[in-house]
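Notes to accompany the following structure.
Residue numbers (UniProt numbering): 1 to 454.
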């Protein structure tokens with residue numbers, strides 16, 4: 001056993017550190033030699049054992065679903081230049097990488113044989129035969145994106161560009177337990193693949209969002225408050241055994257943050273996505289990347305204690321949590337005590353849309369409670385955008401007005417000078433898009449592409 005690495009980008013860092021293309025002899029260096037550089041490049045976790053080579057360093061991690069290829073073809077790194085979809089000639093690729101045209105030609109052939117790229121036409125000739133251009137072929141494979149909420153389940157098949165090809169959903173509660181819910185996921189996957197003329201052989205990867213804390217290195221839910229019987233369940237292992245593809249699992253709000261960032265605000269490097277539904281949580285985009293924290297629980301703002309909520313029990317076992325007073329479930333319970341009929345956040349939204357004054361006031365007050373916590377987040381993280389999603393965000397401007405009221409009044413002017421607080425643009429598909437993006441990033445990483453080709 002060596003230095004056990006956890007984090008999806010380990011392979012990419014290894015490639016960067018060892019510079020496999022031009023200095024293959026460096027791959028024999030131990031992790032102890034490379035650790036100072038790795039620690040600087042990747043903010044993730046490691047545990048010390050004995051010396052290990054680069055290969056064992058990588059294969060010790062990543063939710064037990066990926067293996068480093070036995071040989072480094074270099075095609076995986078070259079492919080990253082083509083992922084943006086812009087057609088390029090062999091000469092373009094040679095100029096961008098500094099590699100010989102013969103090397104580029106061989107690697108282009110590998111990528112074409114794998115179906116990842118295809119000829120895209122001819123470039124303008126500067127004399128002689130026009131050169132062929134090549135572009136990413138997102139239809140080569142598909143991924144399964146799954147969003148499991150407290151009271152619903154949604155699954156979709158997307159191409160490698162995260163375009164949704166087919167989707168389905170069900171009013172399936174996560175409390176039904178892992179056997180029922182994961183059986184639904186497998187059935188949905190097979191059905192969606194068949195509807196789109198695909199089979200499990202076309203499935204490159206699976207991304208799953210869960211409504212609770214997930215240990216990122218293993219993909220297992222850990223003490224999830226609203227997921228009875230799910231604690232430490234090997235979700236990646238169970239699904240991988242049925243679907244025969246690598247499975248990655250994360251907290252649902254992390255994936256919503258990723259989905260919103262990729263699809264609606266790709267140029268916003270510092271973004272906070274806040275989900276207000278049965279529970280409350282947030283996902284953090286910092287410097288353009290999703291930040292999960294040491295164990296994957298960064299952004300769990302729903303269980304921050306708030307003033308005035310002392311004694312209010314929360315489903316996590318504590319009292320006075322933000323979620324206990326401002327979630328869709330909490331607002332529905334408060335309205336029920338006032339004599340209204342509301343069991344869920346969707347019921348609250350329906351009351352607001354019908355013009356019920358008590359419901360509108362309750363949602364705005366929930367926004368103020370959330371805003372008080374977000375004001376602290378703004379001071380700590382200094383995001384340039386806060387995106388509000390989840391079912392309670394569907395209640396018109398009432399929720400977001402309450403949030404803005406408190407955030408802008410309780411935070412220093414410099415921190416809010418350019419801060420925008422908006423509702424989600426991706427709306428109900430945001431979790432699916434994030435789950436797809438996570439899976440696609442994994443299956444199209446340099447090491448995964450090399451493994452496919454090797």
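From the three backbone atoms N, C-alpha and C, an ideal C-beta is built for every residue, glycine too.
Residue i (DSSP reduced to helix, strand or coil)
i: residue 227; result: coil
i: residue 268; result: coil
i: residue 107; result: helix
i: residue 159; result: strand
i: residue 301; result: helix
i: residue 114; result: coil
i: residue 357; result: helix
i: residue 288; result: coil
i: residue 133; result: strand
i: residue 203; result: strand
i: residue 311; result: coil
i: residue 423; result: strand
i: residue 333; result: helix
i: residue 171; result: coil
i: residue 346; result: helix
i: residue 121; result: strand
Euclidean distance between Cα positions of residue i and residue j
i: residue 83; j: residue 161; result: 9 Å
i: residue 384; j: residue 257; result: 14 Å
i: residue 429; j: residue 264; result: 12 Å
i: residue 470; j: residue 332; result: No information on residue 470 is available, as it lies outside the stretch 1 to 454 that the chain covers here.
i: residue 227; j: residue 392; result: 21 Å
i: residue 296; j: residue 283; result: 10 Å
i: residue 171; j: residue 152; result: 4 Å
i: residue 137; j: residue 115; result: 7 Å
i: residue 105; j: residue 247; result: 33 Å
i: residue 74; j: residue 204; result: 20 Å
i: residue 185; j: residue 314; result: 29 Å
i: residue 341; j: residue 408; result: 33 Å
i: residue 221; j: residue 285; result: 21 Å
Residue i - partner residues in DSSP beta bridges
i: residue 210; result: 251
i: residue 146; result: 155 and 208
i: residue 273; result: 283 and 387
i: residue 166; result: 157
i: residue 319; result: 313
i: residue 89; result: 133
Given residue i as reference, the closest of the options once Cα atoms are compared
i: residue 177; options: 106, 239, 230 and 189; result: 230
i: residue 277; options: 304, 346 and 305; result: 346
i: residue 402; options: 414, 86, 356 and 367; result: 367
i: residue 135; options: 179, 404, 92 and 354; result: 92
i: residue 379; options: 125, 188, 275 and 413; result: 413
i: residue 323; options: 357, 439, 88 and 373; result: 373
i: residue 255; options: 273, 268 and 241; result: 273
i: residue 418; options: 221, 426, 286 and 270; result: 270
Ignoring anything shorter than 4 residues, give me the alpha helix (DSSP H) runs that lie fully in the segment 216–264, in order along the chain. Runs of the alpha helix (DSSP H) inside the segment 216–264: 235–243 and 252–263.
Complete beta strand (DSSP E) runs within the segment 381–415 (minimum length 3 residues, chain order): At a cut-off of 3 residues, the continuous stretches assigned as beta strand (DSSP E) that sit fully inside the segment 381–415 are 385–389.
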